[in-house]
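Protein chains in written order, with the working numbering: chain C, 352 to 464; chain S, 2 to 435; chain D, -16 to 100. For every residue, glycine included, the Cβ atom is placed at its ideal position computed from N, Cα and C.
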Amino acid sequence: MKDFLLIFRSEYKEVPQRTEEEAKAITKKWMDWVGGIAAQNKLTDRGNRLFNTGKVLKSGNVVTNGPYTEIKESIGGYTMIKVGSYEEAIEVAKGCPILSVGGNVEIREVSPM
Amino acid sequence: MQNADICCDCHRSTIIGQRDFTMQQQELIPHLFRTEFTKITSVLCKLFGIEHIEIAEDIAGETFLTALETWTYKGIPENPVAWLYTVAKNKAKNYFQRNAVFTQKIAKQLLQAENENPEIDIDLSEKNITDSQLQMLFALCHPSIPAEAQIGLSLRILCGFGIDEIANAFLTNKETINKRLFRAKEKLRTEHVKIEFPDITEIPKRLETVLTTLYLLFNEGYYSESQDSIVREDLCLEAMRLTYLLAENKQTNLPEVNALLSLMCFHASRFPARKNANGEIILYQDQDETLWDEELITKGMYFLNEASKGNTITKYHIEAGIAFWHTKKSDTKQKWLAILQLYNELLIIEYSPIAALNRTYALSKANSKEEAITEAEKLNLTDNHFYFTLLGELYKSVDNKKAKMNFEKALALAKTKADKQVIQANIDKFEVNG
Amino acid sequence: MNEFILIFRHQDGKAVASPEQMQMWMKQTMDWIATISAKNKFVSGTGLPFDDAKVVHHNNIVTNGPFGDIKETIGGFIIVKADSVEEAVEFAKGSPVLQGEGNTVEVRMIAKRDGVH
Chain C
352 MKDFLLIFRS
362 EYKEVPQRTE
372 EEAKAITKKW
382 MDWVGGIAAQ
392 NKLTDRGNRL
402 FNTGKVLKSG
412 NVVTNGPYTE
422 IKESIGGYTM
432 IKVGSYEEAI
442 EVAKGCPILS
452 VGGNVEIREV
462 SPM
Chain S
2 MQNADICCDC
12 HRSTIIGQRD
22 FTMQQQELIP
32 HLFRTEFTKI
42 TSVLCKLFGI
52 EHIEIAEDIA
62 GETFLTALET
72 WTYKGIPENP
82 VAWLYTVAKN
92 KAKNYFQRNA
102 VFTQKIAKQL
112 LQAENENPEI
122 DIDLSEKNIT
132 DSQLQMLFAL
142 CHPSIPAEAQ
152 IGLSLRILCG
162 FGIDEIANAF
172 LTNKETINKR
182 LFRAKEKLRT
192 EHVKIEFPDI
202 TEIPKRLETV
212 LTTLYLLFNE
222 GYYSESQDSI
232 VREDLCLEAM
242 RLTYLLAENK
252 QTNLPEVNAL
262 LSLMCFHASR
272 FPARKNANGE
282 IILYQDQDET
292 LWDEELITKG
302 MYFLNEASKG
312 NTITKYHIEA
322 GIAFWHTKKS
332 DTKQKWLAIL
342 QLYNELLIIE
352 YSPIAALNRT
362 YALSKANSKE
372 EAITEAEKLN
382 LTDNHFYFTL
392 LGELYKSVDN
402 KKAKMNFEKA
412 LALAKTKADK
422 QVIQANIDKF
432 EVNG
Chain D
-16 MNEFILIFRH
-6 QDGKAVASPE
4 QMQMWMKQTM
14 DWIATISAKN
24 KFVSGTGLPF
34 DDAKVVHHNN
44 IVTNGPFGDI
54 KETIGGFIIV
64 KADSVEEAVE
74 FAKGSPVLQG
84 EGNTVEVRMI
94 AKRDGVH
């Protein structure tokens, strides 16, 4: 078993104000997906969701607001799973709700620091 | 809080009363043994130190032997508990005098104190009894002791279970239990475990092991394969009594303790409905919910409310939440959506095969059978008969052939008579329906 | 106190480093993390090797990557505790990743656990 990081990316756009019902439905989709990973005993860390705003620091200590001004696809969050191979990780990633809104999931094997 | 006397002796005496004892003292002595043996042992052991746990047990044991002999001839004294305490104190003092080695090594300080105050202070006050039992609980659930041995020791020292009763609960023999307890006591000695409250900053961490033991103790009773239903329910009630001690104590009255207690109350509320006249288990969906204990459900809600004070969310909180929804018998969409989310959370905190299977069942109720079947196939728990039982349930009326096939696989893997009966009943239904 | 993630973005994910270089970067990174830990502000972190990385897209299309699609490749991240994004940026300034020209550290606040995954 190896740890893989799933990074959720989607195009940055102003999020329209969601009704409580819509927000609940989205939460349920994500929770059902992560719960399903956990039910297979493949979850290492549920991970985090990231706020849209942020900063980018470049060499020479240049700080810009970011990241969406520079990179089209912004990271929305990540989850860490434990599976045997990249193939298995891909199977898990295919259920990610971000895919249904045009986003993508980057899969990276983790090398502990 | 006052009326939350889930652990009060009357529960115990009702249960013990069901046993086939004819004479009054034959009922009273086992009852007193359960309640008072543990108190005397804890107080004495705290006084002597954990390395002399056997001496404490012996003195408590001899006290009951004396009671049995004396009471048979002279009848039961007016205040049997006070009588037992006096005899236990005298026996402890005799032990000091008789055993030179013990006197030199351990009782030195005690005897020095005696010079100033000729009475050795064996404090059997209610407060000291409770404190000693709680401190003992922390000592026995020391992280260095294997979980199985922690439960065994707790049953013996804190719940007053006999060796044969423990063996019965664990479905093993007396020798195995004796060996297990002996090794655990050795470990307590070599690790120099102290009978004391952990430092206030240590409590949450140490409490984790204590709660795990109490949780396992309760489960041991709730899901035990032992045929002796009295022992089974007694295990649960003892787990509840000890958890209640923690909730009553200011330092340990923490959200996770209340959550565990709430979980136990919700489950225990179904005791009266879980068995038919032949002592066979009645499954949840077939239970008569009018038999569920309303009072325990109310207590469960009280403790769940206490548990939600603060920001801690433990697996006990989530399991209590699931148990709460199970106190509502009717199958509503809202119920299953809530249960599904709780199982998602529970699995994210801690994986267990049974939670994975229950989540998938909840998924079939909250979302759809098709989705649940897809998810179930991914679980890969092919050595677990519950896995095939679940698949059988899910395929019912979707694909009866597959349903039957899965129940048959489950039957081949099931171990207990009760499980086999339930599975066979499912298979039989298909035969009747063609 | 909030938590922030510092994401290391490398301009060229295909660049090959010698073992000696790797070792030096590793040591520098560990030293840097140690200064954050010393303030009790380090939460967790990990490195992400570039080999075999994959991206799953909409409609389950799988590509190698993320090289090509996105200029910067993520080489790892750490999570720190900080009162403000400015404080987190101060921590980021010490990252050895920034020695590489074109490399960046992205600083993002972590959303509090609110049920949305």
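| Check | Outcome |
| --- | --- |
| Pair within 9 angstroms by beta-carbon distance, G153/S and L135/S | no |
| Assigned secondary structure, N254/S (DSSP; H/G/I helix, E/B strand, else coil) | coil |
| From G428/C, K375/C, E371/C and S462/C, residue whose alpha carbon lies closest to that of G398/C | G428/C |
| Closest residue to T253/S among F219/S, F49/S and E209/S (Cα-Cα distance) | E209/S |
| T383/S versus F355/C - alpha carbon distance | 25 angstroms |
| Residue ranges of each alpha helix (DSSP H) within the stretch 42 to 82 of chain D, 4 or longer | 68 to 75 |
| Chain C contacts made by the stretch 367 to 380 of chain S, where a contact means CB separation under 8 angstroms | N368, E376, K379 and L380 |
| Meets three-Cβ-pair contact criterion under 8 angstroms: the stretch 294 to 303 of chain S and the stretch 261 to 268 of chain S | yes |
| Contact set for L217/S: own chain, Cβ-Cβ below 7 angstroms, skip 5 residues either direction | A148 and I152 |
| Residue-level contact to chain C via CB, R91/D, 9 angstroms cutoff | yes |
| Nearest residue (CA-CA) to T375/S, options R233/S, W84/S and L392/S | L392/S |
| Where F355/C sits in the DSSP three-state scheme | strand |
| Against chain C: residues of the stretch 12 to 38 of chain D by CB proximity under 8 angstroms | T12, M13, I16, G28, T29, G30, L31, P32, D34, D35, A36, K37 and V38 |
| CA nearest to the CA of I130/S, picked from L284/S, E197/S and T333/S | E197/S |
| 8 angstroms Cβ cut-off: residues of chain S touching D383/C | L341, N345, L364 and N368 |
| R369/C classed as buried or exposed, judged by whether at least 16 other C-beta atoms fall within 10 angstroms | exposed |
| C-beta neighbour in chain S for R400/C, strict 9 angstroms | no |
| Distance, L29/S Cα to T23/S Cα | With a pLDDT of 39 at T23/S, under the threshold of 50, the modelled position of that residue is not reliable, and no figure is offered here. |
| Contacts that Q368/C makes with chain S (C-beta to C-beta distance below 9 angstroms) | Within chain S, no residue comes near Q368/C; the closest Cβ sits about 24 angstroms away, beyond 9 angstroms. |
| Assumed close pair L255/S, P205/S - CB separation to whole angstroms, cut-off 8 angstroms | 7 angstroms |
| Closer than 8 angstroms at the beta carbon, the chain C residues around T361/S | A390 |
| Test: G386/C CB closer than 9 angstroms to a CB of chain S | yes |
| Under 9 angstroms by beta carbon: chain C residues contacting Q4/D | Chain C residues near Q4/D: none, gap ~16 angstroms exceeds 9 angstroms. |
| Within 9 angstroms, strictly: CB atoms of T333/S and S270/S | no |
| Interface flag, E117/S vs chain C, CB-CB below 9 angstroms | Confidence at E117/S is low in this model, with a pLDDT of 49, below 50, so its placement is unreliable and the value that follows should be read with caution. Not one chain C Cβ lies under 9 angstroms of E117/S. |
| Local conformation of H32/S per DSSP, three classes | helix |
| Chain C contact residues for K76/D, given Cβ-Cβ distances below 8 angstroms | L408 and N412 |
| Exposure label - S361/C; buried when at least 16 CB within 10 Å | buried |
| Beta-carbon spacing of T87/D, V407/C below 9 angstroms | yes |
| Heavy atom of the ligand NAP within 8 angstroms of S1/D beta-carbon | Looking at this structure, you won't find the ligand NAP or any other ligand, since it has none at all. |
| Between the CA atoms of G59/D and T29/D - distance to the nearest angstrom | 6 angstroms |
| Delimiting residues of the beta strand (DSSP E) encompassing S27/D | F25 to G30 |
| Whole-angstrom distance between E249/S and M2/S, CA atom to CA atom | Because the pLDDT at M2/S is just 35, under 50, the model does not fix this residue reliably, and the value given afterwards should be weighed accordingly. Looking at the two C-alpha atoms, the distance is approximately 9 angstroms. |
| Within-9 angstroms CB hit, Y317/S to chain C | no |
| Exposure of L394/C, with buried meaning 16 or more beta-carbon neighbours within 10 Å | buried |
| Closest by C-alpha distance to V413/C, when choosing among L81/D, L(-11)/D and F(-9)/D | L81/D |
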